[in-house]
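Undergrad: Just so you know, the sequences run in chain order A and B.
Under UniProt numbering, the first residue of the first sequence is numbered 1, with each subsequent residue one higher.
Under UniProt numbering, the first residue of the second sequence is numbered 1, with each subsequent residue one higher.
Beta carbons are placed, not taken as given, at the ideal position from N, Cα and C, and that holds for glycine.
Fair warning: this is a prediction, and the values are worked out from it, not measured in the lab.
Number of protein chains: 2
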Amino acid sequence: MDTIMKQIRISFVVGIGLASFLISGALSARDAGVINMAALGAKTDGSDTTPIVRAALAEVRRGEATKLVFPPGRYDFYSVRANEEYLFVSNNDAGLKRIAFPLQGMEDVTIDGGGATFVFHGEIVPFLIGDSNDVSLKNFSVDFIRPFHSEGRVLAVTEDYVDLAFTEEFPYEIRNGVLVFTSHQRYSGPATTVSSGEVLYPYSSLLAFDPEKQETAYMAKDRYGLGEGAAAEEISDGRVRLKLPNLSADPGNILVFGPAKRNYPGFIITDSSGVHLSGINLHHCGGMGVIAQRSADLFLKNIRVTPPAGGKRILSITADATHFVNCTGRIEMVDCLFEQQKDDATNIHGLYAKITRILAPNRFEVRLVHPQQAGVDFIKSGTRLELNDGPSLQRHGFARVKSVERINKEMTLVETEAPLPEDIVVGDSIADADANTADVLIRNCVIRGNRARGILLGSRGKMVIEGNTFHTPGAAILFEGDSRYWFEQAGVRDVVIRDNTFDNCNYGVWGNACIQVGSGIEKEFRSTSRYNRNIRIENNLFRVFSPLPLLSMYSVDGLTFVDNQLERTEAYPVPEEKEEKLFVITNSENVKVEDPRMVSKRQRKEMTANRGNTVIHPKAVNLKDNRLRHAFH
Amino acid sequence: MDTIMKQIRISFVVGIGLASFLISGALSARDAGVINMAALGAKTDGSDTTPIVRAALAEVRRGEATKLVFPPGRYDFYSVRANEEYLFVSNNDAGLKRIAFPLQGMEDVTIDGGGATFVFHGEIVPFLIGDSNDVSLKNFSVDFIRPFHSEGRVLAVTEDYVDLAFTEEFPYEIRNGVLVFTSHQRYSGPATTVSSGEVLYPYSSLLAFDPEKQETAYMAKDRYGLGEGAAAEEISDGRVRLKLPNLSADPGNILVFGPAKRNYPGFIITDSSGVHLSGINLHHCGGMGVIAQRSADLFLKNIRVTPPAGGKRILSITADATHFVNCTGRIEMVDCLFEQQKDDATNIHGLYAKITRILAPNRFEVRLVHPQQAGVDFIKSGTRLELNDGPSLQRHGFARVKSVERINKEMTLVETEAPLPEDIVVGDSIADADANTADVLIRNCVIRGNRARGILLGSRGKMVIEGNTFHTPGAAILFEGDSRYWFEQAGVRDVVIRDNTFDNCNYGVWGNACIQVGSGIEKEFRSTSRYNRNIRIENNLFRVFSPLPLLSMYSVDGLTFVDNQLERTEAYPVPEEKEEKLFVITNSENVKVEDPRMVSKRQRKEMTANRGNTVIHPKAVNLKDNRLRHAFH
């Protein structure tokens, strides 16, 4: 690849004029290893910046530069001349993907956006950091010209249908009686036997948002199973009757059509270490915001997942803000804003593979069961596997891998150095015992308005969660892990949760407490399983309208809840049938739980002023800190 | 790979019992390089044969066998333990595909099915022959448990809808008001944010077939643009009202739902030579039957593309029966039956790439424009390119490739050894001047009842088409080629068409003559372009009901039509507005056309008896030679 690149290096500079590059570009574009992207040909006129990035990265690969700097302005990126790679990205959808910034095999590289906005067009991944070390990306905004999701304002809801109004932001057609979301360009190619290549925006789910509160609508439920479309008719231009009965939405809500796939995450980090992301507004992408797998030492500072200014969209990105799979070293998220994305703010976990056949005492077949983990291989010669009982998630020992044969993205044949313990049976699971061990710091972040939960903690390393503000419709903090459906390896060892504000969480349907264990331990094994350990919760403020418990936990060894404060609010209606109980803690040991100190509004204000956390006023969301938003239009 | 395979060789024998293999299998399974697949563990009990094939191929790779033999019976193949590869397959759809028989890197290998039936389940390619030489496959039938297309019997047609009846062969659901074709297994997984992994059978087009005549319905038109589904409701169990207006179908027709993608061709042959396929019934696959690219010396004998016996389906396979792209050496199709497939019987052509940017006198960018040619790279260092004028397809010289950089599956940067001629401009096209040169023999084949045309001839080698019987709804023989839409390089040099029977062709909408030029030469250049050369048509019998010409041709240098016979029939109604004219030949030179000799039915019967061709009686198709069909159920 490198040789070819050198041979036809000049052809990288598509669109910038051959002569000018040869005469002046090579000198003026860089200064002590810094490439000025404008000098290299990047323009703010809407033209394609992708080939310029490729040219710059070729310079970097030749060792002629270590830093790319963009002057302020808007730069556009198209897929047509982007490199592509088949990528298996955990918890997103695999595929052959075009990549605008293909940062592969990089060492010690910085991209400074200089406050620029990067606008992506169509089916393209903004950033891939693969097999790289010490990569810094900073100071820019990311958006897409046409979001991967769509939004319609709810005009009416009946038992038989919902009427919606769509703005030009979300072009659509009714095709053969089916609602189809399209690109801004209407497809004009001939109709033939051949797949058209038209870019469409398929949806698979619906969820109502409240545009006043800028969050998921109170107790709104997901509607799934729409992957094959839904019947609809156009009432008038821009107004559509969607023939779905009993939808969970009210007039005035914004109904969000969730994309059928998570094909285009914002930042894919794989098999890399030393990644620093800072000062980035991530307004949109078609998958998770930052997804890191098999990587180490990942630092996110001042990352703002938020819709673009202007009020044209209620959703920011279409899945989790961040997600970390089999990561080691250190993970930090500091001073970040994660709001209005279509799923959790973060989830830090490992991978379980299911044992599907045992062929010999030291030979067996495993399967990556979760469709979005398929291909995310983690078993290599030399890997130390933990062997886990499926129903209880309890460990039954370790085994060292001797050899591996990958049959396909799901199935792998494994040979271990020693025989497996006899109590390991088909249906049990394995994980890499030494991955998913990152120490984690989540500090001074604001998480609000997104679908589902706040943070899912599953790393086996030390985790500190401090000074954050949560305003999540589900649990703010969830301890997950299971080898039955999600196949996410978790089971924490050392977690400190302190100085946070839990600000009227649980206004939606995704959880049964503010801080919750949801690990997939079958009920009859919860009394003996101690999957999560050493969770210390101290000096947090809980503002609650909800009758749900503050804590709902089981199978924990070591739980401390001390020096916390509680403020009652009336932020939302209280479901009448719920029974209030502050703590639901079962099948656990070494538990120390103190009732929280009740505080008044005034006391709370003093407290939070001293602490520096933001308290969110759900009913006055238009007053929220606009400094966190970055102008794009 | 080989090392890993050896290390865990034993794990291949999943499902056959470890001990028996170690003790007896290694000896009894083979005899002088022949593997008895039953001895190796293949069973006719519905269990998965895929791992057994993988075990056998591992033996072959180790040089321990050259032949696999199946005892008679039915063998089933599932995708779950099949190897997979990302494949770019010309004129089909690219993707990561599971493969039941992954014949890669093979030399001198034979698979003898012994009359067995191979039944495939779900998303799997039956055969891949890649980077292999001298591979013979013979004596078996191929079918799928659930076809990739679906069929409904037409009950009623109105201006607003069509009512259809579906058998259990084609399971469906009405989901959210949309007609969806499903697997036999109903999906039962949980509804979540994750793509389900459910296997569905999406459709994108409709075409009516006549179940009495076992062919496309008289003058039926394709309905395209259904890729996003169509609104429908269930009238009663198995009866569906499809809300599509003005469909081209009549009550009693079978409406075929064409698959949205060509993902699962029957036999993919790529970068291989010396491939012999014989005695194969190809009842179904989800793409082309045999697609060969960048390969040489391909021999098809007694290949029968035909629906399974039993009358449960009218369609055989979902695209062209065979297709050859950039092939060299020799292509033979002898004693084959190609019937009721969803597209042409064959198409033999090269590939054009479009010049999209000229960066320097010897550097330019090209694009593979046709979405189903993307990734089918044909330009390498050393390739001799022909340089073609886009509108006229006339050649403007040659250029030798010095280096290539592939940007992505569509775009490639090319550097040539010498500067391009000055008259080459953006929009012109290139092709490999030395590919698509196979000599072709198509002898004693029967082509009937399929959608569209018979054979599309575009090889630059010598082609002999003799003793075949065509009963095609469009042109029986078409000379295509264009660099505007299909980007198929053609332009024949030497074609002999003799001793064939053209039996009431043109009963559909896909052509304007029995033998036709349809090359994409813009009209103002037809007077000077001589894209096709030396076509000799002699001693053929044309049985015609149609007022369309026998020949419709332009831009030909060298056309001879002598010693042919014509019989008038009343096989179909004659569209009234058509004007009859035997020959429409324009902008051509060196043309010798003699009127055919008129023959009576009696004279024709004597002729065809002597010659041995079958004449097809469209209205008595139930009498057709059932020896050509192979019992499956």
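(1) If we ignore side chains and look at the alpha-carbon of each, how far apart do isoleucine 111 of chain B and glutamate 233 of chain A end up?
(2) Could you spell out where the alpha helix (DSSP H) holding methionine 37 of chain B opens and where it closes?
(3) For isoleucine 424 of chain B, which option in B:Tyr554, B:Asp320, B:Ile317 and B:Leu385 has the closest C-alpha, if you only look at C-alpha atoms?
(4) Residue ranges of each beta strand (DSSP E) run of no fewer than 3 residues wholly in the stretch 315-347 of chain A, ordered along the chain?
(5) Along the stretch 70-84 of chain B, what residues have a CB closer than 9 Å to any CB found in chain A?
(6) What is the C-beta distance between alanine 475 of chain B and cysteine 445 of chain B, in whole angstroms, given that I count them as a contact (C-beta under 8 Å)?
(7) Are the stretch 589-601 of chain A and the stretch 519-526 of chain A touching, with three or more C-beta to C-beta distances below 8 Å?
(8) Can you give me the C-alpha to C-alpha distance between arginine 363 of chain B and serine 79 of chain A, rounded to a whole angstrom?
(9) Give the DSSP bridge partners of isoleucine 424 of chain B, in chain order.
(10) Hey, which unbroken runs of the beta strand (DSSP E) at 3 residues or more fall wholly within the stretch 482-519 of chain A?
(11) Report the option in B:Pro421, B:Glu405 and B:Arg367 whose CA atom is closest to the CA atom of valine 414 of chain B.
(12) According to DSSP, is asparagine 523 of chain B helix, strand or coil?
(13) At which residues does the alpha helix (DSSP H) containing leucine 57 of chain B begin and terminate?
(14) Using Cβ-Cβ distances below 8 Å, what residues of the stretch 155-182 of chain B are close to chain A?
(15) From which residue to which residue does the beta strand (DSSP E) around valine 556 of chain B run?
(16) Can you list, in chain order, the residues of its chain with a C-beta nearer than 7 Å to that of aspartate 428 of chain B? Leave out the 5 residues immediately preceding and following it.
(17) Using alpha carbons as the reference points, say which of A:Ser278, A:Val426 and A:Asn504 lies closest to proline 473 of chain A.
(18) Is there contact here, the stretch 212-224 of chain A with the stretch 118-133 of chain A, by at least three beta-carbon pairs under 8 Å?
(19) Report the residue ranges of all beta strand (DSSP E) runs contained in full by the stretch 257-306 of chain A; include only those spanning at least 3 residues, in chain order.
(20) According to DSSP, which residues form a beta bridge with proline 102 of chain A?
(21) Taking all protein chains shown into account, do 16 or more other C-beta atoms lie within 10 angstroms of the C-beta of lysine 605 of chain B, making it buried, or fewer, making it exposed?
(22) From leucine 40 of chain B to valine 53 of chain B, what distance separates their C-alpha atoms?
(23) Could you check what DSSP says for arginine 239 of chain A in three-state terms: helix, strand or coil?
(24) Mind checking which residues open and close the beta strand (DSSP E) that includes leucine 387 of chain A?
(25) Between the C-alpha atoms of proline 575 of chain B and glutamine 603 of chain B, what's the straight-line distance to the nearest angstrom?
(26) Does the beta carbon of asparagine 408 of chain A come closer than 9 Å to any beta carbon on chain B?
(27) Take arginine 443 of chain A and list the residues in its own chain whose beta-carbon comes closer than 6 Å to its own, dropping the five residues that flank it on each side.
(28) Counting only C-beta atoms, is glycine 225 of chain B closer than 9 Å to chain E at any point?
(29) Tell me which residues share the same chain as valine 599 of chain A and place their Cβ nearer than 6 Å to its Cβ, disregarding the 5 neighbours each side in the sequence.
(30) Along the chain, where does the beta strand (DSSP E) that runs through asparagine 590 of chain B open and close?
(31) Quick test of the definition: if touching needs 3 or more C-beta pairs under 8 Å, does the stretch 295-310 of chain B touch the stretch 155-167 of chain B?
(32) Count the C-beta pairs between the stretch 242-258 of chain B and the stretch 66-83 of chain B that are closer than 8 Å, then say yes if the count reaches three, no if not.
(33) Since phenylalanine 470 of chain B contacts isoleucine 497 of chain B with CB under 8 Å, what's their CB separation in whole angstroms?
(34) Determine the direct distance from the alpha carbon of isoleucine 537 of chain B to that of glycine 558 of chain B, and round the result to whole angstroms.
(35) In or out: alanine 252 of chain A buried (at least 16 other Cβ within 10 Å) or exposed?
(36) Consider the Cβ of leucine 96 of chain A: report whether some Cβ of chain B lies at a distance smaller than 9 Å.
TA: In short, the structure shows the following:
(1) 54 Å
(2) 37-40
(3) Residue B:Leu385 is the option with its Cα nearest to isoleucine 424 of chain B.
(4) 322-325, 328-334 and 337-339
(5) Ser79, Val80, Arg81, Ala82, Asn83 and Glu84
(6) About 16 Å; that fails the 8 Å criterion.
(7) no
(8) 22 Å
(9) The partner list for isoleucine 424 of chain B (beta bridge, DSSP) is empty, contrary to what the question assumes.
(10) 494-498, 501-503 and 515-517
(11) B:Glu405
(12) At residue 523 of chain B the sequence reads lysine, which differs from the asparagine that was named. Of the three classes helix, strand and coil, the one that applies to lysine 523 of chain B here is helix, per DSSP.
(13) 50-61
(14) Arg175, Asn176, Gly177, Val178 and Val180
(15) 556-562
(16) These residues qualify, in order along the chain: Ile355, Leu387, Asn388, Asp389 and Gly390.
(17) A:Asn504
(18) no
(19) 267-270, 273-282, 290-293 and 296-305
(20) A:Leu128
(21) exposed
(22) 9 Å
(23) strand
(24) 384-388
(25) 27 Å
(26) Yes, its Cβ sits closer than 9 Å to a Cβ of chain B.
(27) Val334, Glu466 and Gly467
(28) No chain E appears in this structure, whose protein chains are A and B.
(29) For valine 599 of chain A, the CB contacts under 6 Å within the same chain, skipping 5 residues up- and downstream, are Gln565 and Glu567 in chain order.
(30) 589-593
(31) With the cut-off at 8 Å, the stretch 295-310 of chain B and the stretch 155-167 of chain B do not touch.
(32) No: the two stretches stay apart, fewer than three of their Cβ pairs being nearer than 8 Å.
(33) Contact between phenylalanine 470 of chain B and isoleucine 497 of chain B fails: their C-beta atoms lie close to 10 Å from each other, not under 8 Å.
(34) 11 Å
(35) Checking the sequence, you will find glycine at residue 252 of chain A rather than alanine. Exposed.
(36) yes
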